[in-house]
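Written below as C-alpha cells is the structure these notes are about.
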Amino acid sequence: MEMDTNGATTSSAAGGGSTSTSDSSSAAKKNSKKPKYSRFTQQELPACKPILTPGLVVEIVDRYDEGCVPSNYSNDKLAYIQSSRTNKSCTRTLSVPKLMKGPVFIYYQLDNFYQNHRRYVKSRSDKQLRSKAYESETKNCDPEGISPDGPIVPCGLIAWSLFNDTYGFSVKSKMLEVNKKNIAWDSDKENKFGSDVYPKNFQIGGLIGGATLNSSIPLSEQEDLIVWMRTAALPTFRKLYGRIEEDLQANEQITVVIQNNYNTYSFGGKKKLVLSTTSWIGGKNDFLGVAYITVGGLCLFLAVSFILLYVIKPRPLGDPSYLSWNRSPAGNPT
Amino acid sequence: MSSPQHLILHAPSCPSKTNICYFFYKNITFGFTLFWFEANASFSGQPAYNDWYMSCYNVFFTSLPVIALGVFDQDVSARLCLKHPLLYQEGVQNILFSWIRILGWMFNGVLSSIIIFFLTTNLIIGQAFRKDGQVADYAVLGVTMYTCVVWTVNCQMALSINYFTWIQHLFIWGSIALWYIFLVVYGYIPPTLSTTAYKVFVEACAPSIVYWLTTLLVVIATLLPLFSYRAFQIRFRPMEHDKIQRQRSEGSEHDKIQGRRAEGSEHNKIRGRRSEGSEHDVTESTGTRNSTDLPSEIRIRIDNLKAGPRSKNA
Chain D
1 MEMDTNGATT
11 SSAAGGGSTS
21 TSDSSSAAKK
31 NSKKPKYSRF
41 TQQELPACKP
51 ILTPGLVVEI
61 VDRYDEGCVP
71 SNYSNDKLAY
81 IQSSRTNKSC
91 TRTLSVPKLM
101 KGPVFIYYQL
111 DNFYQNHRRY
121 VKSRSDKQLR
131 SKAYESETKN
141 CDPEGISPDG
151 PIVPCGLIAW
161 SLFNDTYGFS
171 VKSKMLEVNK
181 KNIAWDSDKE
191 NKFGSDVYPK
201 NFQIGGLIGG
211 ATLNSSIPLS
221 EQEDLIVWMR
231 TAALPTFRKL
241 YGRIEEDLQA
251 NEQITVVIQN
261 NYNTYSFGGK
271 KKLVLSTTSW
281 IGGKNDFLGV
291 AYITVGGLCL
301 FLAVSFILLY
311 VIKPRPLGDP
321 SYLSWNRSPA
331 GNPT
Chain S
1 MSSPQHLILH
11 APSCPSKTNI
21 CYFFYKNITF
31 GFTLFWFEAN
41 ASFSGQPAYN
51 DWYMSCYNVF
61 FTSLPVIALG
71 VFDQDVSARL
81 CLKHPLLYQE
91 GVQNILFSWI
101 RILGWMFNGV
111 LSSIIIFFLT
121 TNLIIGQAFR
131 KDGQVADYAV
141 LGVTMYTCVV
151 WTVNCQMALS
161 INYFTWIQHL
171 FIWGSIALWY
181 IFLVVYGYIP
191 PTLSTTAYKV
201 FVEACAPSIV
211 YWLTTLLVVI
221 ATLLPLFSYR
231 AFQIRFRPME
241 HDKIQRQRSE
251 GSEHDKIQGR
261 RAEGSEHNKI
271 RGRRSEGSEH
281 DVTESTGTRN
291 STDLPSEIRI
301 RIDNLKAGPR
311 SKNA
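See the structure below:
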C-alpha cells in the first residue's frame with residue numbers, strides 16, 4: 001500500500017495520526033517525523049512573479065529626399081525627378097538603436113503636403129470606387145475624371161497623386177520581408193472599395209502624378225491606394241507602408257534600397273522613412289506624458305495656492321455683514 | 001400670493017443673461033477649432049468635421065442644457081429672494097450682463113478652442129495612435145476634436161449652473177451620450193452617405209486608448225481656467241448671490257438647531273447685526289415670511305444705497 005501522504009486523506013494535521021490506517025502503515029508512521037506533504041506547506045503553490053519592465057517604443061526616422069538626389073542634379077532636383085531616364089535607386093543605411101521587437105511598422109512621412117485641402121479632398125468619386133456600375137460618375141474628379149478613352153478609374157486627384165516610392169530592406173545581405181497585407185482599415189477594404197472595380201485609363205495622360213496601378217487587381221485589394229486615399233488631417237503626416245514581422249537586433253545596420261520616384265521637390269515638401277514599434281498605447285508619444293504631467297502639476301499648484309490663500313487670508317464665510325448693503329457705505333459689489 | 005411671488009422670483013438672477021454669454025462661448029469654442037484647423041489646411045475652406053456633425057451641434061449636442069439653464073436654474077431660492085430684496089439690484093444694474101462678462105466668456109471660448117486644438121493635434125497626429133500601428137487621419141482627428149468640444153462645452157455648462165435638478169443632469173450627460181450614440185448610428189449608414197464618418201468610432205477611435213486619454217486630458221485642461229476663476233471669485237470676490245448661497249449652505253445647520261425665532265426680536269436683531277458687524281446665527285424662519293421686518297430692512301438699506309457710490313458695470 002502506498003504511503004501517499006496527501007493531507008486530504010488523513011484527518012489530522014502533520015504529526016501523524018495513527019487512527020484510520022492499517023497496522024503496517026501506522027507502525028511506519030510512528031517512526032517518521034516527516035510532516036504531511038501538501039503544496040501549501042511545501043510552498044509549491046503555482047505563482048507568478050510580475051517583473052515590471054518599461055514598454056519602450058523605438059523609432060527610426062530618416063529623411064531621404066535630399067540625400068537621394070545624385071550630386072550632379074543637386075541644383076536641378078525637379079529635372080531629376082521628372083525625367084524618366086534618371087536612376088531613381090538610392091541606398092541608405094539605418095542603425096537600430098535598441099532591440100525592436102516585431103512587428104516593426106514602416107511608414108512614409110510627407111511634410112508640407114496638404115492632403116486636407118478642400119479641392120483635393122473633394123476630388124474623388126466614392127460611388128465609382130464602390131461599384132463598377134457607377135464607373136462614369138466622375139463629376140467631382142476633374143481634371144482627372146475623363147480621359148479620351150473613357151472614364152478614369154479611380155478618378156480624381158487623390159488617386160492620381162498616389163505615393164510611389166518603394167523600400168526594400170536587408171540586414172547583412174539577407175532580405176527582410178515586408179508584409180503589405182492588412183495595412184488599410186477593414187471598413188475601407190470591405191465597404192468603400194469594390195471588389196468588382198478594376199483600374200482603367202489610369203495615369204495615361206501627359207501629366208503623371210504618382211504611381212500606376214495594376215489593372216488586374218481589384219481596388220479592394222490595392223491596399224496602398226486605399227491607405228493613400230484616406231486623406232490625412234494635417235500637412236505633415238505619416239501613412240503605413242508595411243510591416244516587418246521579425247525582430248531587429250540592437251546596433252544592426254539595415255540597408256534600405258529606396259526608389260525615389262515621388263516628386264515632392266516642386267512644392268518644397270519633405271519625404272521621410274520611419275520605422276517604429278508600438279506598445280499598448282501606440283507609437284512614440286512623448287507629448288502625452290508631458291501634457292499629463294503638466295496639467296497635473298498645474299492642478300496641484302492651484303490646489304496649493306488656494307490652500308495658502310485660505311490659510312493666509314481667511315474670511316468668515318456665510319457672514320451676512322459682507323453683503324454690500326450691510327457694509328459701510330464705501331462697500332461695492334464684487 | 002402666488003403671482004407676485006412668481007414675478008419677483010424671475011427678476012434677480014435672470015439666468016437668460018448667463019444663457020447668452022454661454023451661447024457665445026459654445027459657438028466660439030466650436031468655431032475657433034474650425035478656424036485653427038483651417039490655418040493648417042491652407043485656408044482652403046475644408047471643414048475639420050463631417051457636415052452632419054456640424055449641423056447637429058447646436059441642435060442636439062449642446063442645446064438642451066442651455067434650455068434647462070434658462071428654465072430651471074435658480075441661484076438663490078425663492079425664500080431668500082424675498083428675504084434679501086436687494087439681490088434685485090444685480091439685475092437692475094446689469095451686473096450680470098456687463099461687457100466685461102461677455103468678453104470674459106468669449107475669451108474663455110477662444111482659450112478653450114486653442115487648448116482643444118493644440119492638445120488634440122499633438123496627441124493624436126503623427127505617431128501611431130493604436131497598438132496595431134494605424135495612424136490618425138482626417139476622420140479620426142475630426143471625431144476626436146469634436147468629442148473634446150462636446151465634452152468641454154457641456155462640462156463648462158455644468159460648472160456654471162447653480163442649481164442641479166435631475167433634469168440638468170439628464171440634459172448635460174445625455175447630450176454627451178447622444179454624441180456617441182449619433183456617431184455609432186451615423187457610422188453604420190453606407191459610406192456613400194456617411195463618407196468620412198463610416199464606422200470611424202466603432203472601428204478606429206473606440207479601441208484606441210489614446211483617444212480616450214486625449215478626451216480626458218483636454219476636458220480637464222479646458223475646465224481649469226474657468227474652474228479656478230470661479231473658485232477664486234466665489235471665495236474672494238463673491239457676488240451678492242454667491243454670498244447668500246454660501247450663507248445658506250453654512251447657515252442651514254443653525255436652522256435645524258435653533259428653529260423659529262420670535263417675531264418681535266427680528267427688528268432688534270437686524271440693528272444688532274449691523275452694529276456688531278458679524279452674525280453667527282443666521283435666522284431663516286422656516287416657512288412664513290415675517291412681514292414686519294421687510295419695510296425696516298428696506299429702509300435701512302435704501303439709506304445705505306443713498307450714502308454709498310455704486311459702480312454700474314462691475
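Just so you know, the sequences run in chain order D and S.
The letter at position 109 of the first sequence is residue 109 when you use full-length UniProt numbering, and the numbering goes up by one with no holes.
The letter at position 133 of the second sequence is residue 133 when you use full-length UniProt numbering, and the numbering goes up by one with no holes.
Each residue gets a CB set at the ideal place from its N, CA and C atoms; glycine is no exception.
Since we're looking at a predicted model, the values are computed, not measured.
C-beta atoms of residue i and residue j nearer than 7 Å
i, j, result
"A204 (chain S)", "N50 (chain S)", "no"
"D149 (chain D)", "G269 (chain D)", "no"
"K272 (chain D)", "V61 (chain D)", "yes"
"I183 (chain D)", "E223 (chain D)", "yes"
"P235 (chain D)", "Y114 (chain D)", "yes"
"K199 (chain S)", "S187 (chain D)", "yes"
"A211 (chain D)", "N164 (chain D)", "yes"
"N116 (chain D)", "Y163 (chain S)", "no"
"V104 (chain D)", "I254 (chain D)", "no"
"R130 (chain D)", "S44 (chain S)", "no"
"V57 (chain D)", "K284 (chain D)", "yes"
"K127 (chain D)", "T195 (chain S)", "no"
"L223 (chain S)", "C155 (chain S)", "yes"
Euclidean distance between Cα positions of residue i and residue j
i, j, result
"L213 (chain D)", "G187 (chain S)", "30 Å"
"F193 (chain D)", "Q127 (chain S)", "26 Å"
"W212 (chain S)", "A221 (chain S)", "14 Å"
"T144 (chain S)", "V59 (chain S)", "20 Å"
"G201 (chain S)", "L308 (chain D)", "Reading off the sequence shown, one finds Phe at residue 201 (chain S), where the question assumed Gly. Answer to the nearest angstrom: the Cα atoms are 44 Å apart."
"K181 (chain D)", "F301 (chain D)", "49 Å"
"K174 (chain D)", "S266 (chain D)", "36 Å"
"Q109 (chain D)", "K98 (chain D)", "22 Å"
"P65 (chain S)", "V219 (chain S)", "17 Å"
"L159 (chain S)", "G31 (chain S)", "21 Å"
"residue 338 (chain D)", "K26 (chain S)", "Because chain D here runs from 1 to 334, residue 338 (chain D) falls outside it and cannot be looked at."
"P47 (chain S)", "T277 (chain D)", "32 Å"
"L141 (chain S)", "E190 (chain D)", "22 Å"
"H254 (chain S)", "R235 (chain S)", "Annotation note: pLDDT 47 at H254 (chain S) (below 50); position unreliable, coordinate value reported separately. Rounded to whole angstroms, H254 (chain S) to R235 (chain S) spans 21 Å at the Cα level."
"T138 (chain D)", "I152 (chain D)", "8 Å"
"I167 (chain S)", "L248 (chain D)", "58 Å"
"I189 (chain S)", "Y57 (chain S)", "19 Å"
"K55 (chain D)", "V135 (chain S)", "Per the sequence shown, residue 55 (chain D) should be read as Gly rather than Lys. Cα-Cα distance, rounded: 19 Å."
"L52 (chain D)", "S279 (chain D)", "14 Å"
Within-7 Å CB hit, residue i to chain D
i, result
"V228 (chain S)", "As written in the sequence, residue 228 (chain S) is Ser, which differs from the Val given in the question. Closer than 7 Å: yes."
"L123 (chain S)", "yes"
"P65 (chain S)", "no"
"Q168 (chain S)", "no"
"L223 (chain S)", "no"
"I270 (chain S)", "With a pLDDT of only 44 at I270 (chain S), under 50, the local geometry of the prediction cannot be trusted, and no value is derived from it."
"N40 (chain S)", "yes"
CB contact below 7 Å: residue i versus chain S
i, result
"T334 (chain D)", "In this prediction, T334 (chain D) scores a pLDDT of 39, lower than 50, which makes its location untrustworthy; the coordinate-derived value is nonetheless stated afterwards. So, interface residue."
"W228 (chain D)", "no"
"K284 (chain D)", "yes"
"W160 (chain D)", "no"
"D62 (chain D)", "no"
"K272 (chain D)", "no"
"A184 (chain D)", "no"
"T21 (chain D)", "Summary for T21 (chain D): the model assigns pLDDT 45, below 50, so the residue's position carries little reliability; its value from the coordinates is reported in the next sentence. Chain S contact via Cβ: absent."
"Q287 (chain D)", "Sequence check: residue 287 (chain D) is Phe here, not Gln. Closer than 7 Å: yes."
Own chain, CB closer than 6 Å to residue i, minus 5 neighbours either side, in chain order
i, result
"Y73 (chain D)", "Y80"
"E252 (chain D)", "V96 and V171"
"K122 (chain D)", "N140"
"T86 (chain D)", "Y80"
"W160 (chain D)", "E144 and G209"
"V71 (chain S)", "none"
Nonlocal neighbours in the same chain, by C-beta distance under 7 Å from residue i, ignoring five residues either side
i, result
"V69 (chain D)", "K77 and Y80"
"T33 (chain S)", "A48, S113, I116, F117, M145 and V149"
"A233 (chain D)", "N116"
"S215 (chain D)", "Y198, P199 and K200"
Neighbourhood of residue i by C-beta distance below 8 Å, restricted to the same chain and skipping five residues each side
i, result
"F24 (chain S)", "I102, W105, M106 and G109"
"F237 (chain D)", "Q109, L110, F113 and Q115"
Near the ligand NAP: residue i beta-carbon under 6 Å from a heavy atom
i, result
"K131 (chain S)", "For the ligand NAP, the structure offers nothing, since it holds no ligand at all."
Go through the segment 209-277 of chain D residue by residue and report every complete run of the alpha helix (DSSP H) that reaches 4 residues or more, in order. 223-229
Scan the segment 82-119 of chain D and note each continuous beta strand (DSSP E) run of 3 residues or more that stays entirely inside, going in chain order. 89-95 and 104-111
Ignoring anything shorter than 3 residues, give me the beta strand (DSSP E) runs that lie fully in the segment 10-56 of chain S, in order along the chain. none
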